[in-house]
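**Q**
There are 4 protein chains.
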Amino acid sequence: MEAPGRIALREFDVPDPEPGVVVIAIHLSGICGTDKHTFRGESKQYAGTAHERDLEYPLICGHENVGTVVATGGPAFDTNGVQLKEGDRVVPGANVPCGSCYYCLNSYPYYFCQHLQDYGNSLNVGRYPSLFGGWSQYMYLLPRTPIFRVPDNLPDEVAVITEVMAVTHGIDQAIAVLGLQGGSRSGFSVAVLGTGPLGLCHLIKSRMLGAGMVIATDVLPGRLKFADRFGLDLALDASATDAGQRTKAILDATHGRGVDLVLDCSGVPSTFNEALRAVRTGGVVVEAGAFVDMGPVQMNPNSDICARNVAVLGIGGELATEYEPSMRLMAANLDRYPLTSITTHILPMDRAHEAVMLAQSGEAMQVAVDPRLPLTPVPS
Amino acid sequence: MEAPGRIALREFDVPDPEPGVVVIAIHLSGICGTDKHTFRGESKQYAGTAHERDLEYPLICGHENVGTVVATGGPAFDTNGVQLKEGDRVVPGANVPCGSCYYCLNSYPYYFCQHLQDYGNSLNVGRYPSLFGGWSQYMYLLPRTPIFRVPDNLPDEVAVITEVMAVTHGIDQAIAVLGLQGGSRSGFSVAVLGTGPLGLCHLIKSRMLGAGMVIATDVLPGRLKFADRFGLDLALDASATDAGQRTKAILDATHGRGVDLVLDCSGVPSTFNEALRAVRTGGVVVEAGAFVDMGPVQMNPNSDICARNVAVLGIGGELATEYEPSMRLMAANLDRYPLTSITTHILPMDRAHEAVMLAQSGEAMQVAVDPRLPLTPVPS
Amino acid sequence: MEAPGRIALREFDVPDPEPGVVVIAIHLSGICGTDKHTFRGESKQYAGTAHERDLEYPLICGHENVGTVVATGGPAFDTNGVQLKEGDRVVPGANVPCGSCYYCLNSYPYYFCQHLQDYGNSLNVGRYPSLFGGWSQYMYLLPRTPIFRVPDNLPDEVAVITEVMAVTHGIDQAIAVLGLQGGSRSGFSVAVLGTGPLGLCHLIKSRMLGAGMVIATDVLPGRLKFADRFGLDLALDASATDAGQRTKAILDATHGRGVDLVLDCSGVPSTFNEALRAVRTGGVVVEAGAFVDMGPVQMNPNSDICARNVAVLGIGGELATEYEPSMRLMAANLDRYPLTSITTHILPMDRAHEAVMLAQSGEAMQVAVDPRLPLTPVPS
Amino acid sequence: MEAPGRIALREFDVPDPEPGVVVIAIHLSGICGTDKHTFRGESKQYAGTAHERDLEYPLICGHENVGTVVATGGPAFDTNGVQLKEGDRVVPGANVPCGSCYYCLNSYPYYFCQHLQDYGNSLNVGRYPSLFGGWSQYMYLLPRTPIFRVPDNLPDEVAVITEVMAVTHGIDQAIAVLGLQGGSRSGFSVAVLGTGPLGLCHLIKSRMLGAGMVIATDVLPGRLKFADRFGLDLALDASATDAGQRTKAILDATHGRGVDLVLDCSGVPSTFNEALRAVRTGGVVVEAGAFVDMGPVQMNPNSDICARNVAVLGIGGELATEYEPSMRLMAANLDRYPLTSITTHILPMDRAHEAVMLAQSGEAMQVAVDPRLPLTPVPS
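Right, here's the structure in full:
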């Protein structure tokens, strides 16, 4: 991506890896919501945190990747402690933690790192050897990048959503919090607000972790229909209802109480209030979609939080410790859920612009670039 | 059950319910492992606890029940706070807590109650009106019995395993404990030792709560085969292997580390040691099958527990708060798992003796009595 | 309290207790923040919940009570399951749950009850025999009221703050949540916003549960000085600083990161934003003071919650399961903390009006009424 | 230590630090239980784990250390991410994790590392530059050793017990587990079995994390007396009572139920059974003292674990994430507990043999070596 709105093909050398580096050949690289922001020039990231920064162009996008090991700079290991060798199929972590800040030294999630570097984002063409994004034939993975082996039976088009699935650890946390004050930790009711790729992964993970009832909302009816392949008890079309109607429908479905768990994955601030209305007394709201600052909302510390004993959990990224378990979980459920259908479009590199458009359009669910596909022939 | 080994049909009056009582007509009543012990005269229960006691015969067995409300003594409510009316299909709690002991007054599991009464066990024919077990046309549910409404789409033959499924809350706890010191709370590996009805329910619950790899052992190859319908990554026939071989197979399947979670559901003390061998450093062993005292085992506090940082969780019964969520969870997964196949045999009341024998034999998985079935015609 | 702003002495009969009832003679009854609202006519309570209601006057205030058992209607038990007898010193629960709604039947906190009745609030003079508040010589405790025995060595003036201390279970929860994603669960840093009686109890509880650094803010410098008796690492006078200065001071004290835990006990909505600024990435905000609706605030789901991975826990009341442990914890720490100094003023019943004024004034910390004190002599 | 039972003074060069290395001058180095085993030639460690090994002599003992930074090989950081400079007072981690095994790569406790190296144990004189133990003027800290800055107000004689205090994270975990099924997470009752330095630290940590009642047992009455400085509700002299009497005394003190939490810190296997007798239904046993294999015990999976719903947590070492919080917690409580009295004896290096004897004798609590003390003058 040369600049906002402008994508071009460029060639770079693939150097021999330095010590600790792993070079992979990319099979698939997903288009993420962040990439869409980058494309639109909304380049302020991690606002309000220690690692707030502006993206610098040009950069090679793509941090949801799956590929094969081509070379390693000395012995390198996957997260099972098994040595990596040429031909191993892997998903690389999307981020590189510094290893020496407070958060790194105290076993916090790697995205808390105060000097975080991320592929396809902060790591750009300005740094040698430039190959730090997945919309490329090769990627150069820096030392301390966690590398996750793909289970043999997991197809590339499922493996490419691993990073997104690894963001859903908020559900694991929400379940832990649910259990802190009575009730049950399984068979719970859940409402997913927004069913793009992130919301869909949350929906699927909820099912796989013991949801008993799943409600979803989206402004795009097509996305709700897609989500229903994974089992919806109630689908609320936000293009045809207002927030009050949706809240009422959710209360009606839950003996007037609200759901145990709301997963706010819309990326739009207004659903945060909807989440607070939809959750029961003592329930949990996971705020997972708001990776980009879209402005404030009004809320009431008394009636929204305190009096109704609501917990809100912000989730700012994916865990390095969840990639490999996520792949195992998906591999174990290939027969039970249509996971292979999630990646709806795979395009060659020279159609990256079209891929980004598709990913924003709502016709598609997960869109990916496959650098091995032949480039589009120039019409003669 | 008149006495150990002797079952007879008897008639009792069904009185009008006193205040707080609910009378139900039984659809199905399961044969539980405890019933098998009762039948064999192994009648010492809850050894070592505040409510250790000897069963008194005669009694009407059956505490895994599903039926319909026939009458209530004044307003009565299900656990959603919805009033019960005639014809409502329900599963009653297997136990009646006293409501005034330390454990009852401090929100502990209801089976911690120091004066616990249980249907088909401590509640026997000596107490008016005798109808305190499910191998009967009607049951007389005392005040403070929790009563759980069955979801419309959940068939009786699945609802009858609700009580067993409600014992599997040890898995929810184990997941919470797994998350206390690193790693992930989903995609975990699990070994289930013993795949009778209790073990099978643990296996299914593991899958439904996010297991990434499931291993099972049993001395009955038929049970392993049955369990495989729910997805086994490794089945270890304990009739054809020794403990060392099984341990080695489990280590080989897990990079030499052992599984994250072992669910000991065999009812035999010796598997406790096998569990401690099969679990990884920092993993969790759930001891759920040992409801009857079958003698001690040797274990080493250093190498089995301390040095390998193992957690052991004893689970002594089912939670009142898990029946309804368990039904919701099963109802939500009817399409994904062959839950309707678990109840393999349904017999009329006069064949209860045969039902107990079947349940012990290994030919069957869950066996139930249906008091609505016509009695076996006497050969003329 | 006859009406907002008007308090009068009245006489009522003390009837023989009905079955399940316990009558106590009051030693001390505290003035709570809620009482102050009631006095000011701000009588809308639990806004937005299933049990939102308007208080009805007249009522006898006082739900923070300690007294002695005078009579029981049949056998009654404390929460250790020990039978109560005349002369036993007890603290009664401030609320009476219905026992038959969803929340009551599923082991949720008793204040989640959908038909909650509370002493000194919803239970008023309109209901026979009127004696439902602690600003009275006797109280008539309804069946299902949990009753907690006072440890022998715990003086009345400490026992009277038990209910407030039982609200601080948000800290126990916050510690559990802290431990869900790295770092440590002890030695944590904490900021308490607002150090009235509720904030002070939170501060003390933090210390007693393992705080390593405690920061406090208040608009009343006298309260900060009082709080410092329990150990402050940093006291921020909100009457002499603005929010930005306080945030900066907190960041400066914590390597620029913010504290692990913020306890918002001010009762003023604006501190909610301050809390979100003061907490570190991955930290926890407990919102415990907002029992009355004081209007909304603006917040940003992205930068306040999601990007910084913040958890917010609303705490809507005290747990029945925390009264007795709170008393044991205070009894065990009488030598280590000046707990006996917290109740700064004890007045006779006829000076209740003055007591309410004092409690609002900031000269006092905890203020209590002692109905055994002689009434103020009428000047002749 | 040249060989079991033989200690000698030797001189080594202190080389300039290689990249990532930190050299410190030792102030104090504690005598640990492990050192006593090493001295007795009981050199088999971590039996049953991936890093079981035999110690090799000679080695420099001492892994409980406090000292000052003398030199660093390039920039080095404490665990707050603050750069270390000459003169900084620090406690070094006792272990060095490999950074590339499964446990290291998945945020598990650092002592789970499959290739763990530990100062004063596996790191011996055979490896250049030999200075890997604290009974020495200087220590050479390898890269990846976590280094913890000592709070200014924490004296050396308290800082030297940091490593032991960091083992007590089992209590934090036990509290989390207690809260998983009802009751309260504070004001709990606890029994500490064995009150040597490890047991004493557990006792103190229990107090600092909210214990409401503390019971202790030891075979050495002097140690119980010492422990009582930190507040004992019941002291049980194991030299004058049998296990049955102690169990009865504990039940009598807890309404016949047993304690919420047992901390088994004796190092003797037999107390494991005592722990299982002393804990209440649903309580937690922490097994923390059995670092050396002292043989098996008999236990009953039914009555000891399953029927009484007991949880057992093995704790195999100290967390890197607990050193710094432990120091903050102790620093915050210097006025409330006589922490400075715990280190009862400080000896010069040439009296290390005597120090080991003292530490085994029971006259002492924590014993430390101070390499800055003048050597004992040779009698002329």
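Residue numbers (our numbering), protein chains in the order written: chain A, -1 to 378; chain B, -1 to 378; chain C, -1 to 378; chain D, -1 to 378. Quick reminder that beta carbons are idealized off the backbone N, C-alpha and C, glycines included.
Could you tell me the alpha carbon to alpha carbon distance between G280(D) and A309(D), rounded to whole angstroms?
**A** So the alpha carbons of these two residues sit roughly 7 Å apart.
**Q** Here's the rule I'm using: 16 or more other beta-carbon atoms within 10 Å means buried, otherwise exposed. How should E285(C) be labelled?
**A** Buried: at least 16 other Cβ atoms inside 10 Å.
**Q** Where DSSP assigns a beta bridge to G42(D), which residues make up the other side?
**A** Reading off the sequence, residue 42(D) comes out as Lys, not Gly. Bridge partners of K42(D): D52(D).
**Q** Got a sec, what are the start and stop residues for the alpha helix (DSSP H) P90(A) sits in?
**A** No alpha helix (DSSP H) holds P90(A); the beta strand (DSSP E) holding it covers R87 to P90.
**Q** Would you decide whether P15(A) is buried or exposed? Buried here means 16 or more other CB atoms lie within 10 Å of its CB.
**A** Looking at its Cβ environment, which holds 16 or more other Cβ atoms inside 10 Å, P15(A) is buried.
**Q** So does the segment 292 to 299 of chain B actually touch the segment 289 to 306 of chain D, counting three or more Cβ pairs closer than 8 Å?
**A** Short answer: they touch.
**Q** Return no unless some Cβ of chain B is closer than 7 Å to the Cβ of L311(A).
**A** It does not; no Cβ of chain B falls within 7 Å.
**Q** Is the CB of G210(C) under 7 Å away from at least one CB in chain D?
**A** Cβ-Cβ to chain D under 7 Å: yes for G210(C).
**Q** By the criterion of Cβ-Cβ separation under 7 Å, what are the contact partners of E320(B) in chain A?
**A** Residues of chain A passing the Cβ test: S182.
**Q** Using the beta-carbon count (16 or more within 10 Å), is Y126(D) buried or exposed?
**A** Exposed, because fewer than 16 other Cβ atoms sit within 10 Å of the Cβ of Y126(D).
**Q** Keeping to the same chain, check which residues put their C-beta closer than 6 Å to that of R4(D); ignore five residues upstream and five downstream.
**A** Cβ within range, chain order: n/a, list empty.
**Q** Assuming A107(B) and G254(D) are in contact, meaning their beta carbons sit under 8 Å apart, how far apart are those beta carbons, in whole angstroms?
**A** One detail in the question is off: residue 107(B) reads as Pro in this sequence, not Ala. Wrong, their Cβ atoms sit about 19 Å apart, outside the cutoff.
**Q** Can you name the start and end residues of the beta strand (DSSP E) that T342(C) belongs to?
**A** Its beta strand (DSSP E) spans residues T341 to L345.
**Q** Counting pairs of Cβ atoms below 8 Å between the segment 13 to 32 of chain D and the segment 47 to 66 of chain C, do you hit three or more?
**A** At 8 Å Cβ cutoff, the stretches do not touch.
**Q** Nearest-angstrom Cα distance between K246(B) and V283(D)?
**A** Spanning the two alpha carbons is a distance of roughly 29 Å.
**Q** Tell me whether M297(B) sits in a helix, a strand or coil according to DSSP, three-state version.
**A** If DSSP states are grouped into helix, strand and coil, M297(B) belongs with the strands.
**Q** Determine, using beta-carbon pairs with one atom in the segment 145 to 155 of chain D and one in the segment 77 to 94 of chain D, whether at least three such pairs fall under 8 Å.
**A** Output reads yes: the segment 77 to 94 of chain D touches the segment 145 to 155 of chain D.
**Q** Check the Cβ-Cβ distances between A305(D) and every residue of chain B, and say whether any is below 7 Å.
**A** Yes - at least one Cβ of chain B is within 7 Å of the one on A305(D).
**Q** Report back the beta-carbon spacing between V156(D) and L337(D) to the nearest angstrom; my notes put them in contact at under 8 Å.
**A** The Cβ separation is near 5 Å, so the contact holds.
**Q** For the candidate residues G220(C), A69(C), L26(C) and F37(C), whose alpha-carbon lies nearest to that of E62(C)?
**A** For the residues G220(C), A69(C), L26(C) and F37(C), the minimum Cα distance to E62(C) belongs to L26(C).
**Q** Could you tell me whether the Cβ of R142(C) comes closer than 7 Å to any Cβ of chain D?
**A** It does not: the Cβ of R142(C) has no partner Cβ on chain D nearer than 7 Å.
**Q** Taking the Cβ atom as the reference point for each residue, do G131(D) and C199(D) lie within a distance shorter than 7 Å?
**A** The answer is no: Cβ separation not under 7 Å.
**Q** Compare the Cα-Cα distances from C111(D) to each of G97(A), N78(A), C99(A) and Y101(A) and report the closest residue.
**A** For the residues G97(A), N78(A), C99(A) and Y101(A), the minimum Cα distance to C111(D) belongs to N78(A).
**Q** Give the DSSP-derived three-state secondary structure of I159(B) in the structure shown.
**A** Note: I159(B) maps to coil in three-state DSSP.
**Q** Roughly how many angstroms lie between the CA atoms of G208(B) and L327(A), to the nearest whole one?
**A** Between G208(B) and L327(A), the C-alpha separation is close to 6 Å.
**Q** Taking Cβ-Cβ distances below 9 Å as the criterion, which residues of the segment 98 to 118 of chain D are in contact with chain B?
**A** Going along the segment 98 to 118 of chain D in chain order, one finds Y100, Y101, N104, S105, Y106, P107, Y109, F110 and Q112 with a Cβ nearer than 9 Å to chain B.
**Q** Taking A174(D) as the query, report the chain C residues whose CB atoms sit under 8 Å from its CB, ordered along the chain.
**A** Neighbours of A174(D) on chain C, chain order: A174, G177 and R183.
**Q** Please look up how many angstroms separate the CB atoms of V367(B) and A353(B), rounded, as I've assumed it's under 8 Å.
**A** Contact holds; Cβ gap of about 6 Å.
**Q** Taking a cut of 7 Å between CB atoms, which residues from the segment 47 to 79 of chain C lie near chain B?
**A** Within the segment 47 to 79 of chain C, the qualifying residues are F75, T77, N78 and G79.
**Q** Roughly how far, in whole angstroms, is the beta-carbon of L274(A) from the beta-carbon of V190(A), given that I think they are within contact range, below 8 Å?
**A** Rounded, the Cβ-Cβ distance is 15 Å, inconsistent with contact.
**Q** Taking the alpha-carbon positions, what's the L222(D) to F228(C) distance?
**A** Each residue's alpha carbon lies about 29 Å from the other.
**Q** Residues of the segment 283 to 301 of chain D in Cβ contact with chain B at a cutoff of 8 Å, in chain order, please.
**A** Listed in sequence order: E285, A286, G287, A288, F289, V290, D291, M292, G293, P294, V295, Q296, M297, N298, P299, N300 and S301.
**Q** What residues in its chain sit with their C-beta under 7 Å from that of D226(D), if we drop five residues either side in the sequence?
**A** Once the five neighbours on either side are set aside, the close Cβ partners of D226(D) are A233.
**Q** For P323(C), return the contacting residues in chain D, with the cut-off set at a CB-CB distance below 9 Å.
**A** G181, S182, R183, S184, G185, F186, G208 and G210, listed in chain order.
**Q** V308(B) CB to nearest chain D CB: under 7 Å?
**A** It does: the Cβ of V308(B) has a partner Cβ on chain D nearer than 7 Å.
**Q** Hey, A276(C) and I248(C): beta-carbon distance below 7 Å or not?
**A** Yes. Within cutoff.
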